[in-house]
Amino acid sequence: MHNSHPHEAGEDASNLNQEKSYQELHRPSSEFANRSDYLDHELTIMKPRRWKLNLPGRDFRFEWEDLVPALAGTIGITVMYSAVMSSYAAGYGLDANFVIENVRVEMLVSAILFVILTSGFLNPRANLAGNHGPMIPLIGMIAMAGGHPLALAILLGGFGLILSITKGGSRLVKLTGEGVAGGLLAYLGLTGTASQINSLIEWAGEMNVGYVAFVVLLVNIVLYAYLARIGKRWLSIPLCSVAAVIIALLLGAPFEFKTAPGLPNLNPMYWWGSTETGWKLGLPNMQHFIASLPFAILAVAMWSPDFLGHRVFQELNYPKKAKKVLMDVDDTMTACSIRQVVGTAFGGGNITSSWGTYMIPAAIAKRPIPGGAILLGIMCVVVAVAGYPMDITVWRPVMSVALLVGVFLPLLEAGMQMVKDTKDTQSAGICIFASAVVNPVFGWSLTMLLDNNGLIGDKDRAKTLSFTDKLIIPGLAFCICFIAMAAVGMLPGVPALVPAFR
Amino acid sequence: MKKRFILTLMGPESPGLIRLLAEKTHARQGVWLKSKISHLEGQCAGIIKVEVDEGQAEPLQTELTNITDLYAVISEVQPPLPVDIKRLQLTVEADDRPGFINDISNILESCGASISNMECHRFAVTELGRSVFKADFNLKVPTDIDQDSLVAELEALNVRVVANILAE
Chain A
1 MHNSHPHEAG EDASNLNQEK SYQELHRPSS EFANRSDYLD HELTIMKPRR
51 WKLNLPGRDF RFEWEDLVPA LAGTIGITVM YSAVMSSYAA GYGLDANFVI
101 ENVRVEMLVS AILFVILTSG FLNPRANLAG NHGPMIPLIG MIAMAGGHPL
151 ALAILLGGFG LILSITKGGS RLVKLTGEGV AGGLLAYLGL TGTASQINSL
201 IEWAGEMNVG YVAFVVLLVN IVLYAYLARI GKRWLSIPLC SVAAVIIALL
251 LGAPFEFKTA PGLPNLNPMY WWGSTETGWK LGLPNMQHFI ASLPFAILAV
301 AMWSPDFLGH RVFQELNYPK KAKKVLMDVD DTMTACSIRQ VVGTAFGGGN
351 ITSSWGTYMI PAAIAKRPIP GGAILLGIMC VVVAVAGYPM DITVWRPVMS
401 VALLVGVFLP LLEAGMQMVK DTKDTQSAGI CIFASAVVNP VFGWSLTMLL
451 DNNGLIGDKD RAKTLSFTDK LIIPGLAFCI CFIAMAAVGM LPGVPALVPA
501 FR
Chain B
1 MKKRFILTLM GPESPGLIRL LAEKTHARQG VWLKSKISHL EGQCAGIIKV
51 EVDEGQAEPL QTELTNITDL YAVISEVQPP LPVDIKRLQL TVEADDRPGF
101 INDISNILES CGASISNMEC HRFAVTELGR SVFKADFNLK VPTDIDQDSL
151 VAELEALNVR VVANILAE
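Residue numbers (UniProt numbering), protein chains in the order written: chain A, 1 to 502; chain B, 1 to 168.
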């Protein structure tokens with residue numbers, strides 16, 4: 001009798017598993033010693049089809065655990081969309097109805113076309129296209145600089161598609177050193193934190209309940225610290241938001257439901273075709289594109305590290321053999337680029353990126369992308385149509401607390417963690433300095449050029465970079481951003497080069 | 001042709017002993033490649049790796065072992081056996097922590113691997129306020145290296161590490 005070597009037997013079984021379908025390899029959870037083993041097994045047998053139809057039952061299943069990322073993602077995105085639209089509304093002088101209706105547009109379009117259809121059915125290896133948290137503090141600057149959301153979306157979508165087709169994302173990762181990246185994140189986190197705390201205190205003062213802001217913040221500092229201590233930071237948006245609602249209501253802060261169930265206007269011409277309706281900006285012209293260009297360059301430069309962070313985190317949480325369910329960075333970039341242009345064409349103002357408030361809980365819950373994506377998409381549609389939940393997310397205590405604990409404080413901490421060595425602190429400090437002088441686009445592009453040429457920061461790193469990575473790309477990025485900012489008058493004290501912007 | 005040997009010495013501490021050894025080596029155009037000398041309670045002990053022309057090796061060894069009051073032993077250094085090498089691509093992903101690259105380098109060195117190219121990146125997971133680490137290595141390793149052990153050693157470094165050998 002022939003006894004095969006155990007290693008060979010393992011390889012044979014593995015090869016056999018490669019040939020069998022998910023349906024054939026699926027085993028009920030009752031056959032496993034515990035739930036974790038079952039979820040691990042599910043992750044190792046799935047074979048998502050890229051840009052082909054994936055079906056529940058045949059290619060994936062729904063499990064209770066899918067509700068974890070679906071709920072966390074729905075709460076997170078509703079708050080973030082509300083924050084983006086509120087910032088745009090403040091910048092362009094639009095009212096609260098605009099905010100609610102525009103959030104509804106984003107929730108519906110992105111949920112149906114991109115969350116459910118793209119990541120759920122057509123390519124479960126593309127992570128969901130969500131919101132680009134680090135860009136939220138820049139929304140006000142975009143509006144003030146004369147930027148146009150549609151111009152920004154077209155530029156960002158175009159750059160993203162070029163990167164995904166040319167696989168240029170890995171080059172972008174090399175370009176920004178850790179000191180510069182850390183400084184940029186720390187600056188965005190710090191300015192966002194300060195702005196939200198000020199907004200909350202100001203709101204409480206206007207409502208004649210000044211003490212509410214302090215108590216809400218105090219309780220959330222303790223809650224946030226506790227969640228960090230027990231390693232459950234990803235629960236901070238839902239838990240801290242609930243805490244903010246309860247405390248603010250108990251202390252007498254005024255709140256009322258205003259939004260009735262309904263559907264938003266999905267006609268692009270309503271949003272962009274006139275200066276009387278929607279955004280009241282009309283279609284973008286060349287000046288709008290010039291003003292939006294520096295922000296589009298920064299947003300796309302931050303995409304690759306954002307995507308790769310999610311991908312590595314997912315891999316660290318999944319069993320080692322679960323290679324086929326890991327998010328594909330290029331597919332995610334393609335989906336985000338298309339979603340950016342299509343979502344904004346329908347009227348939405350969101351700036352997209354890989355959806356972290358979905359991916360992080362999904363990875364922790366050991367669930368793949370599609371099941372949770374479909375549930376999340378359905379929840380987003382329900383929220384958008386019902387309308388009432390958005391009254392809560394745009395309520396100042398909830399919005400400020402959710403942004404503080406879910407976006408800006410983690411951003412600040414991540415930035416500080418990136419800067420560990422003395423050589424990196426120098427680049428980070430100069431990036432923060434330059435960002436404060438003009439804006440983060442100026443800070444990033446200038447310090448990247450200096451850092452990559454060894455003039456600041458890690459001189460050894462500069463020696464490892466090619467001429468293109470040292471001078472050509474950072475030099476071009478800086479020149480384009482600088483000229484565009486000078487043209488529209490973003491340089492402090494310097495009149496705009498283009499007379500129309502003066 | 002150069003020859004290398006190890007001189008192990010022990011004896012009473014005396015001023016100028018080390019200078020004497022160095023002068024004798026220098027006179028024969030030899031060099032010390034590595035040395036460790038310790039002094040304790042009036043005694044001196046040391047170990048020195050010497051490189052010298054083959055023709056000068058024997059006279060130098062004789063001179064060094066004939067120094068009065070010094071107990072000296074010569075050990076020949078065998079030239080390293082030629083080892084067949086192959087190339088490997090290794091990726092390591094982990095939760096970021098200080099000193100992690102150093103720890104990886106130590107493990108690779110202990111396995112006889114030399115790093116031809118290394119690219120390390122840290123990515124912020126902004127939702128969690130922390131960073132993750134990814135490194136890609138091009139390695140030259142002995143052909144008989146135990147790849148499974150190498151991966152296992154790397155994955156024991158952190159609470160969460162995924163190491164993969166991509167190609168040979």
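Just so you know, even glycine gets a beta-carbon here, dropped at the ideal spot from N, CA and C.
Asked: Cβ of B/L21 within 9 Å of any chain A Cβ; Found: no
Asked: Close-in-space but distant-in-sequence residues of the same chain around A/S427 (CB under 7 Å, 5 per side omitted); Found: G177, G179, V180, G183, T447, D451, I456 and G457
Asked: Closer than 9 Å at the beta carbon, the chain B residues around A/R396; Found: In chain order: nothing, as chain B lies at least about 22 Å away.
Asked: CB contact flag (A/D284, A/H132, <9 Å); Found: The sequence given here has Pro at residue 284 of chain A, not Asp. Cβ atoms of A/P284 and A/H132: not closer than 9 Å.
Asked: Segments assigned beta strand (DSSP E), at least 3 residues, entirely inside the stretch 48–93 of chain B; Found: 71–76
Asked: Which of helix, strand or coil DSSP assigns to A/H5; Found: Note that A/H5 scores a pLDDT of 49, beneath 50, so its modelled location is shaky; the value from the coordinates is reported in the next line. Coil at A/H5, not helix or strand.
Asked: Inter-residue Cα distance where the pair is A/L471 and A/V405; Found: 38 Å
Asked: Ordered list of alpha helix (DSSP H) runs contained in the stretch 169–255 of chain A, each at least 4 residues; Found: 169–175, 178–206, 210–229 and 236–250
Asked: Local Cβ density within 10 Å of A/C479, reported as buried at 16 or more and exposed below that; Found: exposed
Asked: Minimum Cβ-Cβ distance from B/E133 to chain A less than 9 Å; Found: In the sequence as presented, Glu is not what sits at residue 133 of chain B; that position holds Phe. Yes, B/F133 lies at the interface with chain A (some Cβ there is under 9 Å from its Cβ).
Asked: Sub-9 Å separation of A/C240 and A/A83 beta-carbons; Found: no
Asked: Residues within the stretch 229–263 of chain A neighbouring chain B, beta-carbon criterion of under 8 Å; Found: R233 and W234
Asked: DSSP-derived helix/strand/coil call for A/V494; Found: coil
Asked: DSSP three-state assignment for B/F5, whether helix, strand or coil; Found: strand
Asked: Segment contact, 8 Å Cβ cut-off, at least three pairs: the stretch 299–313 of chain A with the stretch 156–176 of chain A; Found: yes
Asked: Near-chain B residues of the stretch 320–335 of chain A - C-beta to any C-beta below 7 Å; Found: K320
Asked: Near-chain B residues of the stretch 169–180 of chain A (beta-carbon distance less than 7 Å), N- to C-terminal order; Found: V173 and E178
Asked: Beta-carbon separation (whole angstroms), A/L200 vs A/S400, contact threshold 8 Å; Found: 4 Å
Asked: Neighbourhood of B/A113 by C-beta, 6 Å cutoff - its chain only, sequence neighbours within 5 removed; Found: L139 and V141
Asked: Nearest-angstrom Cα separation, counted from A/I247 out to A/V216; Found: 6 Å
Asked: Beta carbon proximity, B/P142 to chain A, threshold 9 Å; Found: no
Asked: Per-residue contacts from A/A494 into chain B (C-beta, under 7 Å); Found: Residue identity check: residue 494 of chain A is Val in the sequence provided, not Ala. None at all; the shortest Cβ gap to chain B is about 32 Å.
Asked: Amino acids of chain B, ordered along the chain, whose beta-carbon sits closer than 7 Å to that of residue 506 of chain A; Found: The displayed coordinates of chain A run from 1 to 502. Any statement about residue 506 of chain A would go beyond what the structure contains.
Asked: Residues of the stretch 93–121 of chain A whose Cβ lies closer than 9 Å to any Cβ of chain B, in chain order; Found: none
Asked: Contact under 9 Å by Cβ, residue 504 of chain A with A/I369; Found: The structure shown does not extend to residue 504 of chain A, since chain A is modelled only from 1 through 502, so no value can be given for it.
Asked: Chain B contact for A/G443 (CB, 9 Å cutoff); Found: no
Asked: Proximity below 9 Å, CB of A/M327 to CB of A/S353; Found: no
Asked: Test: A/P6 CB closer than 9 Å to a CB of chain B; Found: Note that A/P6 scores a pLDDT of 47, beneath 50, so its modelled location is shaky; the value from the coordinates is reported in the next line. No, A/P6 does not count as interfacial toward chain B.
Asked: Environment of B/H121 [buried if 16+ CB atoms lie within 10 Å]; Found: buried
Asked: Interface flag, A/A362 vs chain B, CB-CB below 9 Å; Found: no
Asked: 9 Å Cβ cutoff, B/P98 in contact with chain A; Found: yes
Asked: Simplified DSSP assignment, three categories, for A/S466; Found: coil
Asked: Minimum length 4: unbroken alpha helix (DSSP H) runs contained in the stretch 65–118 of chain A; Found: 67–92 and 96–109
Asked: For A/H148, the three-state DSSP class (helix, strand or coil); Found: coil
Asked: Own chain, CB closer than 6 Å to B/N164, minus 5 neighbours either side, in chain order; Found: T91
Asked: N-terminal and C-terminal residue of the alpha helix (DSSP H) that B/N106 is part of; Found: F100 to S110
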